[in-house]
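As C-alpha cells, the structure follows; a few thoughts come after it.
Protein chains: 4
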Amino acid sequence: MIIVMRKNAPPAEVESVMAAITAKGLKPLYLPGVEKIVIGAIGDERVLAELELESLPCVDRVMPVLAPYKLAGRESQPGRTVIPVGGVRIGEGRPVIMAGPCAVESREQLLASARAVKSAGAQILRGGAYKPRTSPYSFQGLEEEGLSLLEEARAETGLPIVTEVLDPHDLPAVERTADILQIGARNMQNFRLLREVGKTRKPVMLKRGMSATVDELLMSAEYVLAGGNEQVILCERGIKTFSTDTRNTLDLSVVPLLHQKTHLPIVVDPSHATGLRNLVEPMALAALACGAHGLMVEVHAHPESAKCDGMQQLTPDQFASFMEKAARLVAALAPPARLPK
Amino acid sequence: MIIVMRKNAPPAEVESVMAAITAKGLKPLYLPGVEKIVIGAIGDERVLAELELESLPCVDRVMPVLAPYKLAGRESQPGRTVIPVGGVRIGEGRPVIMAGPCAVESREQLLASARAVKSAGAQILRGGAYKPRTSPYSFQGLEEEGLSLLEEARAETGLPIVTEVLDPHDLPAVERTADILQIGARNMQNFRLLREVGKTRKPVMLKRGMSATVDELLMSAEYVLAGGNEQVILCERGIKTFSTDTRNTLDLSVVPLLHQKTHLPIVVDPSHATGLRNLVEPMALAALACGAHGLMVEVHAHPESAKCDGMQQLTPDQFASFMEKAARLVAALAPPARLPK
Amino acid sequence: MIIVMRKNAPPAEVESVMAAITAKGLKPLYLPGVEKIVIGAIGDERVLAELELESLPCVDRVMPVLAPYKLAGRESQPGRTVIPVGGVRIGEGRPVIMAGPCAVESREQLLASARAVKSAGAQILRGGAYKPRTSPYSFQGLEEEGLSLLEEARAETGLPIVTEVLDPHDLPAVERTADILQIGARNMQNFRLLREVGKTRKPVMLKRGMSATVDELLMSAEYVLAGGNEQVILCERGIKTFSTDTRNTLDLSVVPLLHQKTHLPIVVDPSHATGLRNLVEPMALAALACGAHGLMVEVHAHPESAKCDGMQQLTPDQFASFMEKAARLVAALAPPARLPK
Amino acid sequence: MIIVMRKNAPPAEVESVMAAITAKGLKPLYLPGVEKIVIGAIGDERVLAELELESLPCVDRVMPVLAPYKLAGRESQPGRTVIPVGGVRIGEGRPVIMAGPCAVESREQLLASARAVKSAGAQILRGGAYKPRTSPYSFQGLEEEGLSLLEEARAETGLPIVTEVLDPHDLPAVERTADILQIGARNMQNFRLLREVGKTRKPVMLKRGMSATVDELLMSAEYVLAGGNEQVILCERGIKTFSTDTRNTLDLSVVPLLHQKTHLPIVVDPSHATGLRNLVEPMALAALACGAHGLMVEVHAHPESAKCDGMQQLTPDQFASFMEKAARLVAALAPPARLPK
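From first to last, the protein sequence lines stand for chains A, B, C and D.
The first sequence begins at 1 in the numbering used here and counts up one residue at a time.
The second sequence begins at 1001 in the numbering used here and counts up one residue at a time.
The third sequence begins at 2001 in the numbering used here and counts up one residue at a time.
The fourth sequence begins at 3001 in the numbering used here and counts up one residue at a time.
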C-alpha cells in the first residue's frame, strides 16, 4: 500500500502513520518526495484497510497495490475453477448455453419453451419463479408453483435448472429445486443473501450489478467464497450508462479482463443487456468470440404474449438459428490442438 | 399511451393492437402518419403495461403519457406529505437535520457523538447497527448490541433514531428501536424488503440507488405506499457517474424536480455523496438552498479512528460551525411572510 | 410528433399549439385523455423543431415519432452505402482491417509498422500526424512532416491512408495526403470541421464522441452528408461510463443497432476502447462477430518505446496472430451462399 | 510516481525501469513487496510521462503522486486568481452574475433581454452569435451580425459581453467584440482553439466537457495558461450520466473541490445543466451556497418564442425574483468580518 501524505504534513503525523503500519505487522518505508512525503507498506496490505488511513487529515491519498479480494483472485488459484452441472462443465473449453423464458408463467409456456431450447441444443434451462419487478403492479412470478413447474420441466427434458433467489427467506425452497442459484443484478450487494448462498453447496451465478465495477463484483463473489462455497459463476448483463439506445450497455470487455483477474468462470446475458430481440444474436456471438464461458439467453415459445420482457426474448426459431451459428463460431475459434484428428 | 407502429406494419396487426386496447377498457385512437401509423390509448394507461405491447414485432415504440406510479405522484395528493417524528415534522417549512456517526461502534463513541450533534442542534440521531460493506472482511456493525446502544442514546438525548434495516429477517428488531427505518441505496430495489417495511407503520427513509432514475426511485416508494405505509421520506445520496473526483456524484437537481413530481419529502445525504469531509458543508448548504426538507450528515466524535467511512465524517466542531451557517441560510431564504414581525 | 399538454392547460393554449402546427403545413390531431390532453402532428414533423414547442409553459413534453436525421437514416436509402478505398470496399460483406501506429513518430517507426501490418493482411494504414493530447506537455504529432511520411509509407506498401484532421485550418494539407479523413471522438461535435469535410469528396471516418448517443452520432454524420459528401464511415471507440476497469467502455451493441438505423458502414476501434493490449484481440474478434464492417487496430513495431498510447498498441506478432483468428471467424460466420462450392 | 511491476517481473526489467528513471534525472527507489515489486520515483515526475512506462509488458500499473497540471494547480499559486471585467472582479468575494439570452436572435430580442438583466442587477451580458447545434437543420446563430448587436447592447447598457467562439477562424472577430471569450463544453478538448485563445489577452471562460473529469478540465485550462493567458474562468454546466431526468446532471460538488485544487475562479451555468426553467432558480441558489464565484443564467425577454433552448430560459420577471433571493443568500453566508460596520 502506498500512502501519499498531504503537503506539509507535520513529522509527528508521518511518524504516527508509520507506527500504525508497524503495529499491524507490516514494514513501513519512508519515501520523501520533492513536494510530498510518500509512505510504503510492505506485507499483506489488506489488514491495513481497518486503519482507514484515508480518514486522517494528514493523508492525501491511499493507493492499494494489491487487489482487495483474496479468494476470487488469480493469486489464490492459478488454474481455473470448473463447475460441473448435470453433464456439463462450466469454465472449461466449450461454452455452456443456458436458455429459457424470462419468467415461468404457466405449465404450457414453460414446457414448450424448455422443449424448444433443449431441441436447439441448450444445456441448462433458465426461468424465473421469483421476479424482481420495478413496479409493484407488475407480475411478480409464480413463486413456489413456479419452482414445481421447473422441476417438472427438468424431469421431462433432463436439463438442469438455473433460477433466481431473491431473499434469504426463499432460499430453502429455491435451493431444493435449483441446480444453479441465480443472484440478480439488483441483489449483487445484498450481502446477507450472499452470505446465505455461501453456506449452501449449490453453484451460484452472480450477476454484475448495474453500476458495479469489476472489483465490486469480485468482492461480492468473495462473500460467497468466504462462506465456503467455491462454485461461483460470474455474469455480465449490461451496465447503466448515459446511453439509452439499448436497455443497458453490454460491457463485453470485462470478459477477457475477468479471465486475467479471476479463476471464476464468466458468462454473458445478452437479453437483459440489450433489451431488444434483434440485438441478442449478434451480441451473443460477440460474447462467445471474446471468450465467455457461457451464455444465458431468454427464449419464449410465444414472446408476443410474455408476461415480462417480451421484447428481448427470442422465438424458438431464432434461438435455433443462433445455436447453429454459435457452433460454427466456436469451432472456428477453438485452438487447433483441440480439434479432432 | 402512444404506440408507434413499425413502418409497413400490416393492417391486421394494427387492428389487433387496437382491439387489445379496447379489451382493457381504454379507447384506442388511430392516427395514420406520413411514414408510420401511431395509435393512441385514452384512459388509465397503466393497465396496458401488462400487455407488453413493446414485445410485438409490429410495434416500434411505446411512449407512456402518464407516470408509472400512482400513489407517489402529485395527482394522488396535491398537498405535501408531512411526517411527524418526535417533536419535528419532516416535509414542512423548516429543514430537519439528522446527524450522527456512520456506524455505531461502541457506547462511548455513540454517546459522545450523540451529545455533540444534539448540542449543535440536530433533531434526529443517525447511526448504523447493521452495515452493508463491500468487503466481507470489513466491520459489519454491532447488530443487536448496536440497537441497544441507540436506545440508550435516545434515552439520554431525547433524539429520535434513524437506522438502517438490511433484511426482512432483521426488521422486527430494527422496528422496535428505530423511529425511522432507513433503506439503503443498495436495497432500493430489494422489493421484498420494501414490501415488508410497507407493512409497518414506522416512517421509512428510502435512499436512491446509485444508478436509479427518479421514476425508479418513485416506483420503489410506491412499493411501500402500496403496502399501506404512507410515511416515506426520499433521500438523494449521490449517483454513479464517470466522475471519480468524488465518491459519488451528488445530483441535487432532483430535489426541486421531486418537489414537482411527488408529495413525499426529500432529504439529502452529502456525506456519502461526496465521501470527502471538506465537501460536506458546502454541499449541505447547497442542498438547503435548493429546497431539501432535511439533511443526513455523518458526524463522529473522533473521525480519525472511525471503523468505517472516517474520511467523510465531520468532527463535532465542524458540524457546529455548519449548523450556524445553515441557520443563517434558512432564515435568509424563508418566505418573508414567515419572518417574525 | 406527439405533444403532451400540462394538466389543466387552458383551451386557448391548446388551440394555439394546434394553430402553430397547421401553420407549418402539418395536420394537428386533438386527443383528449383522461388526465391530460395530447396533440398529434401528422406530416414531416422535423419542420416543427423550429417551433421549440417544449418551451411553451403549457406543454409538458414533446415526443418525436420520426428520427431527427434524414440523410443518415434507412428511410432515405434502403440499401447500404459502400465506400471504395484503394482496392477494398467498406460496407460490403468482408470486413476491412485498418492498422498502424497510434502516431507517426519517425520514418523508421512508421515504415516498420506499415510493412508489418501489410504483411499480416491489413488493407488500410492508420497513423496520426496531428495528435489531440490531454496535456499540452505531451507529444503533439509530427504534423506536415508526418503527412509526408505517410505518403512515403503508402508509396512503398500500396496501403491507402486514414489519418486524423483536427481543425479546418489543417484540412487542405491532410486532404492532399489522406485516403480517408478521420474525425476524432473529441471533434464529433466540432460542427465547423464537420461542415468543412462535408465539402470535400474524400471518405470521412467519424468517431463516436465519448458521451454521444447513437442519434447524436447520426446527427453529426448528417452534417457531413448535408454538405454533399456521401462517404461517411461511423466508428465506435468506447464511451465514458462509471467503469474505470478499461480506458473506455466498448459499446458493441451499437454495431447491430446501427445496421438497423442507418445505411452507413460501421467500424470498431478496440484499441482506444480498451486501452489495454491484452484486450484488443478478444474485443476485435467480438466486433467482427457482431457484424462490424471493419476494424481500426493500433499496431506499433516497438510499442514499449511508443510516444503515445503504447499500452494499447499490438506488436506485429500479436497482430499477425489476431489476423489469422479473424480470418477463421469471418469464414465461419459468412452466409453459406458465399462459401465456395 | 509509483510504478507497480507485474508479479514475477524479471530482475533485468526492474533494473531497466530504474535506469530509465535515473536517465530522466529522478531518483528511483526499489521497494520489494511480498507479492509484487514496487518502484518509486522521486523528483518532478511529470517528465516521466514521456516514458510511457505503462506500455512496458513488465509494468502492472503506474500511479502518479502529483497532479498532471502545473500552472492550474494551487502549488503554482497559493492565492486566488481574480479576473477584472468591466467594473467587477471575478474570483473575489462577491459572486458575479452573467445573464442574457441563449442566442442573439434579433436587435429587439437582444436589447429587450439586455435591459431586463441589467435592470435586475446582472453584471455581465451573455448571448451567442455562433451557436453549436446538434442538428445541421437548426438555427446556427447570426454570426458577425450577432457580434454587432452585442456591441450595441453593451454600448446601451454598459454591460461587458461574454460570447462563445467556436473555431480559430472566427477568433479575430469574436475577440474584437467579447470581453470574455467563452469556450463551450463541446470544445473543451479542441486543443487548437485552446492554444489560440491562450495567445490572446482576453479572459477565457472554459466550460467543462460533458464527460470531462476535473483533471481533464484543468489540463484544458493548462493549455490556455501555458500560452501566457492567465485569465481563465472555469464553468460547470452539467455532465452526461445515466439520468435523463434533467438535460444534464449538474455536478455542484466540483465547486468546492476546485476551490481546493486550483486558484482559478469557478462559475456555474444552471440553465444548460438542467434544461428546465423551473429548476434554474433552485440550482442557481445551490451553486451560490456551495461557493461559486459566479453564475451564467439564460434569460430571454420572450422564452416561448426563442429560437433555441427556450425551455431553459427564464423570463425577466423570474430572473428579477431570483436575483432578489440570491442577494439575501449571499448576504447571509458572507463572512461576518466583511459585513459593513
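We put the beta carbon where it would ideally sit given N, CA and C, even for glycine.
Keep in mind the model is a prediction, meaning the values are calculated, not measured.
Alpha-carbon spacing of residue i relative to residue j, whole angstroms
| i | j | result |
| --- | --- | --- |
| Pro136(A) | Ala3289(D) | 38 Å |
| Ala3122(D) | Met3098(D) | 6 Å |
| Leu1295(B) | Gly2127(C) | 54 Å |
| Leu276(A) | Asn3187(D) | 34 Å |
| Leu1193(B) | Ile1183(B) | 8 Å |
| Gly2079(C) | His2263(C) | 6 Å |
| Phe1191(B) | Arg1328(B) | 40 Å |
| Lys2070(C) | Ser2271(C) | 31 Å |
| Leu3234(D) | Asp167(A) | 48 Å |
| Ala273(A) | Met283(A) | 9 Å |
| Glu1108(B) | Val1268(B) | 27 Å |
| Leu2250(C) | Ser2211(C) | 12 Å |
Contacts that residue i makes with chain B (C-beta to C-beta distance below 8 Å)
| i | result |
| --- | --- |
| Thr3022(D) | Result: empty, since nearest Cβ-Cβ is about 32 Å, beyond 8 Å. |
| Gln189(A) | Pro1132, Thr1134 and Arg1186 |
| Leu3279(D) | Ser1253, Pro1256 and Leu1257 |
Chain-ordered chain D contacts of residue i [CB-CB under 7 Å]
| i | result |
| --- | --- |
| Met2210(C) | Ser3211 |
| Ser29(A) | Here the sequence assigns Leu to residue 29(A), which means Ser is not the residue at that position. Under the 7 Å cutoff, chain D gives Leu3031. |
| Lys36(A) | Val3065 |
| Arg2201(C) | The premise fails here: Arg2201(C) is roughly 18 Å from chain D at the closest Cβ pair, so nothing lies under 7 Å. |
Partner residues on chain C for residue i, Cβ-Cβ distance less than 7 Å
| i | result |
| --- | --- |
| Val254(A) | Asp2245 |
| Asp349(A) | Residue 349(A) is absent from the model: chain A starts at 1 and stops at 341. |
| Leu264(A) | Correct list: empty, because the minimum Cβ distance to chain C is about 16 Å. |
Contacting residues, own chain, Cβ-Cβ under 8 Å from residue i (five flanking each side not counted)
| i | result |
| --- | --- |
| Lys3118(D) | Leu3125, Thr3157, Gly3158 and Leu3159 |
| Met1005(B) | Glu1013, Val1014, Val1017, Lys1036, Ile1037, Val1038, Ile1039, Cys1058, Val1059 and Asp1060 |
| Glu1175(B) | Val1165, Leu1181, Thr1200 and Lys1202 |
Partner residues on chain A for residue i, Cβ-Cβ distance less than 7 Å
| i | result |
| --- | --- |
| Gly3033(D) | Ile42 and Val65 |
| Arg1237(B) | Those within 7 Å of Arg1237(B) in chain A number zero; the least Cβ separation is about 13 Å. |
Proximal chain C residues relative to residue i, where beta-carbon distance stays under 8 Å
| i | result |
| --- | --- |
| Lys3240(D) | Ser2211 and Lys2240 |
| Leu288(A) | Ala2289 |
| Ser3271(D) | Under the 8 Å cutoff, chain C gives no residues; its nearest Cβ is about 12 Å from Ser3271(D). |
Contact list for residue i against chain B, beta-carbon separation under 7 Å
| i | result |
| --- | --- |
| Arg6(A) | Per Cβ cutoff of 7 Å: no residues; Arg6(A) is ~12 Å from chain B at best. |
Same chain, Cβ closer than 6 Å to residue i, neighbours up to 5 away in sequence not counted
| i | result |
| --- | --- |
| Ala2020(C) | Leu2051 |
| Leu3066(D) | Glu3045 |
| His2300(C) | Pro2101, Ser2113, Ala2306 and Gln2313 |
Residue i: contacting residues in chain A (beta-carbon distance under 8 Å)
| i | result |
| --- | --- |
| Ser1113(B) | Those do not exist, as Ser1113(B) stays about 15 Å from chain A at its closest Cβ, beyond 8 Å. |
| Gly2291(C) | Pro282 |
Cβ-based neighbour list, residue i, same chain, cut-off 7 Å, excluding 5 preceding and 5 following
| i | result |
| --- | --- |
| Glu144(A) | Ala173 |
| Ala2221(C) | Ala2072, Leu2206, Val2232, Leu2234 and Leu2264 |
Under 8 Å by beta carbon: chain D residues contacting residue i
| i | result |
| --- | --- |
| Thr1274(B) | Ser3253 |
Partners in chain B for residue i, counting only beta-carbon separations shorter than 9 Å
| i | result |
| --- | --- |
| Leu3125(D) | Those within 9 Å of Leu3125(D) in chain B number zero; the least Cβ separation is about 25 Å. |
Neighbour list for residue i in chain C, Cβ cutoff strictly below 9 Å
| i | result |
| --- | --- |
| Gln140(A) | Within 9 Å Cβ-Cβ: nothing; Gln140(A) doesn't reach chain C, min ~27 Å. |
Closer than 8 Å, Cβ to any Cβ of chain A: which residues of the region 1042 to 1068 of chain B, in chain order? Arg1046, Ala1049, Glu1050, Glu1052, Glu1054, Ser1055, Leu1056, Pro1057 and Pro1068
Kindly provide the ranges of any beta strand (DSSP E) runs that are 3 or more residues long and lie completely inside the region 1115 to 1195 of chain B, ordered along the chain. 1124 to 1126, 1161 to 1164 and 1180 to 1183
Taking a cut of 9 Å between CB atoms, which residues from the region 1301 to 1332 of chain B lie near chain A? Pro1303, Glu1304, Ser1305, Ala1306, Lys1307, Cys1308, Asp1309, Gly1310, Met1311, Gln1312 and Gln1313
Counting only runs of 3+ residues fully inside the region 2230 to 2290 of chain C, write out the beta strand (DSSP E) ranges in chain order. 2232 to 2236 and 2266 to 2268
Scan the region 2209 to 2233 of chain C for residues whose Cβ lies nearer than 7 Å to a Cβ of chain A and list them as they occur along the chain. Ser2211, Thr2213 and Val2214
What are the residues of the region 151 to 178 of chain A that lie near chain B, defined by any Cβ-Cβ distance shorter than 7 Å? Within the region 151 to 178 of chain A, the residues whose Cβ lies closer than 7 Å to some Cβ of chain B are Leu166, Asp167, Pro168 and His169, listed in chain order.
According to a CB-to-CB cut-off of less than 9 Å, which residues of the region 1065 to 1097 of chain B neighbour chain A? Of all residues in the region 1065 to 1097 of chain B, Pro1068, Tyr1069 and Lys1070 have a Cβ within less than 9 Å of some Cβ in chain A.
Within the region 3020 to 3068 of chain D, ranges of the beta strand (DSSP E) (whole runs, at least 3 residues): 3027 to 3032, 3037 to 3042 and 3059 to 3063
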